[in-house]
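Take any residue in the sequence shown, count from 1 to its spot, add 322: that is its number in this note's numbering.
Glycine included, each C-beta is placed from N, C-alpha and C at the ideal position.
Following: one structure in C-alpha cells, then a few remarks.
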Amino acid sequence: MLNVRYQASLLFVFLVSFVVHPAFAEKASTPVAPPVLERPTLRSLGAYWIIRGDDNANAMVTTEIRKAGESAWRAGAPFFRIEKGKHVPEKYKSMLDLPGDATLLAGSFVLLDADAAYELKLTLADPDGGSATQTLSARTRGEPVAPADAAVIHVIPGNGGGAGSAADPAKGIAAGLKLAGPNSIVSIHAGIYEGTVEVSKSGQPGKPIILRAAGYGEVILDGAKFTAATVNKAGTRCARMISASGIHDVWFEGLTLRNADYAIVAHDSARIVVRRCHMTLVEYGIAATRDTKAICDDFFISDNVIEGPSTWPRTKGIENARGIQITGAGHVICYNRIRGFADAMDTFNSPRCEAIDFHNNDCSECTDDGCEMDYSQRNTRCFNNRFTNIYQGISVQPVFGGPVYIFNNALYNVVMEPFKIHNSPSGALFYHNTVVKKGPPMLVYTNEPASNLVMRNNLFIGNELTKDGSPASYAWECSPKMTGCDFDYDGFAAGNFKMFLKWNNQR
C-alpha cells in the first residue's frame, strides 16, 4: 500500500506533467507546408521550409543529396535559420508569405553537375518533439542549346526589305526581326548596324528567337548614330543599344555592342540568353532590374566581354557605371570578363531576388564593388570568381535574411573592405575566400549593426598601412555591433600588428 507522502508526490508529478506538456508542445516543430524548391541554376539547387513552433529555436533541417538512380546519400549542409522579420526586402512586400508565428529555414546544394537529376532528402528534427522527412526531385539547368531545326533568317546591313533568304537577305536587323518567330535564328552578317535594336517579339520555351552573329566579332551594333526617340539625355549616343524588356525566350549571341548608355536592357523579361558578346564604350552592360510581374527568371549570361568607362586607380569617387545588374530568380552569370565599372556584378532590389548564381567570372578595375549581393533575399550565391584591383570587395549592404553564399572567391588588391557589411545585413555566409590587400587584412567601417553572419576558413592577407612602413593597426578591425554572428577558423597575415582585433569598438 502506498504511503500518503508517495501518493502526494505522484499526484504532483501528474499535475506538473499535465500543466507543462502544452509548453513543450509549443516548442515542438511542425511544418506549415511541404518544403519548396527554388528555381534551379547550372550548378546549384536551393529550397526552403516554413515551420511553426520551435519557440526555443533548436530545431534543425538536415540535408542529404544523391543523383537520380544512385543508392548512396551524401550529407549536405543543414538549412540556415533566417532571422525573424529580416526576409522582407526594402521598398517591397515580400513575395514569400511567411506567417508571423512561423520560422523560415533555407539552404542550397552547390557545385553540382549541370543538367543532372538529383534527389534531395530534408529531415526536420526537434529535440522538443516534431519531425518530418521529405524527399524532393530536382534537376539542374543545362547550358542553352539552339534547336537543330530552327529556321534561319539572313540579315545584312540596310534599311528594310529582303526575303531573309541567303540569296535575298533582309536588310537591317529590324527587317530580320519582322520575319522572325519562335524557333528561328536571325543570322546577322558582317557589318555595322546603327541605332537602337528594338526587340518586342518573344520566342517560346525550347523555341527561342536567336539574334546571332554569322561570324564572331564581325557584327557591330553601334549607337553613335541615333534617332530622336533613342538618343540619351546628353544627345551623344543611343540610350539603349538593345531594348528587350517585357519579352521572353530571346537570345543574343556573338554581337559587338558599342556607343550606348546601356548595351542591353531587359526588364520584366524571362529566359534571356546573352552569350559570347562584346560590350564596350557603354556606361552599363546588362540591366534587368525591374520585376514587377514576378516573371524575371532564368537568364543565362555567359562568356561575354564587358568593358566600361571607369579607370584605375579610383579618382572620381563612386560612379554609376555597372557591368551587370539583375533581379528576379534562377539566373546564371558565369565565365564573363568584366572590367572598368564601379561594380562588375550586382543583384538588385525587387519583390524577388533569390536563387541567382555568379560564378567563374573574372572582374577587375572596379572603382566601387567587385560584386554586390545587395537586396538578396535567399539562396543567392557568389563563388569561384576572381576580383582584381577593386575598391571594395563583395558587398552585402544589405541582405534580407539569407542565406547568401559567398565562397571560393579570390580578391586581389582590395583598397578598403574585403566584404562590405553595411546597412544591417542578416544572413550572409563567407567560406573559403582568399583576400590580398593593402593595409589591415580585414575591416568593416560602419556604425550600423549586422546580425546572423558566418565566416569560416577565409584567408586575409594585408600589409603595412602607412607610407613610412609602420605596421597596420589591426588584423581584424570591426566597428559595428555584431549580433548572433559566428566567425572562426580564419587566417590573418600582414607582418606585425599593433593589435590583433578591434571588435564592437573594443580593442
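Using only CA atoms, which one of the options lies nearest to residue i?
i: Thr702; options: Arg708, Arg534, Thr669 and Cys688; result: Thr669
i: Pro353; options: Gln456, Arg361 and Leu359; result: Gln456
i: Asp810; options: Trp798, Glu605 and Met821; result: Trp798
i: Ala468; options: Leu418, Gly528 and Met417; result: Gly528
i: Val726; options: Asn481, Cys693 and Lys500; result: Cys693
i: Val474; options: Arg461, Gly480 and Asp490; result: Asp490
i: Thr614; options: Asn554, Asp590 and Pro747; result: Asp590
i: Gly482; options: His476, Ala472, Lys493 and Ala488; result: Lys493
i: Ser717; options: Ala350, Phe752, Tyr734 and Glu687; result: Phe752
i: Ile608; options: Arg829, Ala551 and Phe622; result: Phe622
i: Leu577; options: Val383, Asn682, Ile542 and Glu676; result: Ile542
i: Ser672; options: Val410, Pro400 and Ala390; result: Val410
i: Thr445; options: Tyr370, Ser632, Pro740 and Arg700; result: Tyr370
i: Gly484; options: His600, Glu516 and Gly498; result: Gly498
i: Pro310; options: Gly645, Glu441, Gly525 and Ile373; result: Nothing in the structure corresponds to residue 310, since the chain is present only between 323 and 829.
i: Arg616; options: Glu575, Ser624 and His570; result: At residue 616 the sequence reads Ala, which differs from the Arg that was named. Among Glu575, Ser624 and His570, the Cα nearest to that of Ala616 is on His570.
i: Lys523; options: Leu501, Tyr538 and Gly539; result: Leu501
i: Asn755; options: Asn774, Val519 and Ala732; result: Ala732
i: Asp812; options: His511, Asn826, Leu781 and Lys760; result: Leu781
i: Cys599; options: Ser624, Ala424 and Ala588; result: Ser624
i: Asn664; options: Gly452, Ala379, Pro631 and Ile532; result: At residue 664 the sequence reads Ala, which differs from the Asn that was named. Looking at the Cα atoms, Pro631 is the closest of the given residues.
i: Gln699; options: Arg403, Glu386, Thr385 and Asp377; result: Arg403
Where does residue i fall in DSSP's three states?
i: Pro344; result: Note that Pro344 scores a pLDDT of 44, beneath 50, so its modelled location is shaky; the value from the coordinates is reported in the next line. Helix.
i: Leu823; result: strand
i: Leu420; result: coil
i: Ile404; result: coil
i: Lys555; result: coil
i: Gly724; result: strand
i: Ile495; result: helix
i: Lys349; result: helix
i: Lys500; result: helix
i: Phe680; result: strand
i: Gln526; result: strand
i: Cys675; result: strand
i: Ile569; result: coil
i: Ala816; result: coil
i: Gln828; result: strand
i: Leu543; result: strand
i: Gly484; result: coil
i: Phe670; result: coil
i: Ala397; result: strand
i: Tyr414; result: coil
i: Asp448; result: coil
i: Asp665; result: strand
i: His409; result: coil
Check this for me: beta carbons of residue i and residue j, under 8 Å apart or not?
i: Leu434; j: Leu367; result: yes
i: Val572; j: Thr363; result: no
i: Arg396; j: Asp437; result: no
i: Ala535; j: Met563; result: no
i: Arg365; j: Asp679; result: yes
i: Asp684; j: Arg659; result: yes
i: Met777; j: Phe814; result: no
i: Lys824; j: Cys800; result: yes
i: Asn745; j: Pro720; result: yes
i: Gly375; j: Lys349; result: yes
i: Pro802; j: Val766; result: yes
i: Leu426; j: Pro357; result: no
i: Phe705; j: Asn730; result: yes
i: Ala582; j: Gly545; result: yes
i: Arg559; j: Phe548; result: yes
i: Cys656; j: Asn682; result: yes
i: Ala651; j: Ala677; result: yes
i: Met382; j: Ala447; result: yes
Can you check DSSP and say which residues form a bridge with residue i?
i: Phe548; result: Its beta-bridge partners do not exist; DSSP assigns none.
i: His653; result: His653 is not bridged to any residue.
i: Arg463; result: DSSP output for Arg463 lists no bridge partner at all.
i: Trp798; result: Met764 and Leu823
i: Lys803; result: Beta-bridge pairing links Lys803 to no other residue.
i: Tyr606; result: Tyr584 and Arg644
i: Tyr440; result: Lys389 and Ala460
i: Ile712; result: Cys688 and Val736
i: Tyr515; result: Leu543
i: Met601; result: Leu579 and Ile628
i: Ser591; result: According to DSSP, which records beta bridges pairwise, Ser591 is partnered with nothing at all.
i: Asp834; result: A query on residue 834 cannot be resolved here, the shown segment of the chain reaching from 323 to 829 and no further.
Using only the heavy atoms of the ligand ZN, determine whether one of them is closer than 7 Å to the beta carbon of residue i.
i: Gly652; result: The ligand ZN is absent from the structure shown, which contains no ligands of any kind.
Start-end ranges of the beta strand (DSSP E) lying completely within the region 727-760, minimum 3 residues: Counting whole runs of 3 or more residues, the region 727-760 contains the beta strand (DSSP E) stretches 732-736, 748-753 and 756-759.
Runs of alpha helix (DSSP H) wholly within the region 620-648 (minimum 4 residues, chain order): Those alpha helix (DSSP H) runs which fall completely within the region 620-648 and span 4+ residues do not exist here.
Length at least 3, wholly inside the region 355-391: the beta strand (DSSP E) runs in chain order: If only complete runs of 3 or more residues are kept, the region 355-391 shows the beta strand (DSSP E) at 367-375 and 382-389, in order along the chain.
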